[in-house]
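In full-length UniProt numbering, the protein residues as written are 1 to 109.
Cβ coordinates follow ideal geometry from the N, Cα and C atoms, glycine included.
In what follows, a structure is listed as structure tokens, so that the remarks can point back to it.
Printed below as a string of structure tokens:
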């Protein structure tokens, strides 16, 4: 659902990213897999010129998301993926792997 407006007319997530950034692509895959409404904002490649990201998140690194529905602004791809999974998916990405490991070993001893 990328680049679309949500059913209530609010652009749910603004996603600050860089072209061909593997960390940004990881977040983009999760957003697409979840069929989330979001708007991509491609930022300057030069770290020192990412003023818009600095204003929004207090950092110049990407990826960054701003979730208008929950008021959350977040950086770091692993944190963003866990947030998206726990807020809109089936729980943090690490939980299913832990559940599978527990099932293979016979439970939560």
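Asked: Element boundaries [alpha helix (DSSP H), containing residue 132]; Found: Residue coverage of the chain in this structure runs from 1 to 109, which leaves residue 132 outside it and unanswerable.
Asked: Closest residue to residue 65 among 58, 89, 73 (Cα-Cα distance); Found: 73
Asked: DSSP-derived helix/strand/coil call for residue 102; Found: With a pLDDT of 41 at residue 102, under the threshold of 50, the modelled position of this residue cannot be trusted; read the value that follows with caution. In this structure, residue 102 counts as helix in the three-state DSSP scheme.
Asked: Under the three-state DSSP convention, the category residue 43 falls into; Found: coil
Asked: Helix, strand or coil at residue 18 [DSSP, three-state]; Found: coil
Asked: Sub-8 Å separation of residue 43 and residue 26 beta-carbons; Found: no
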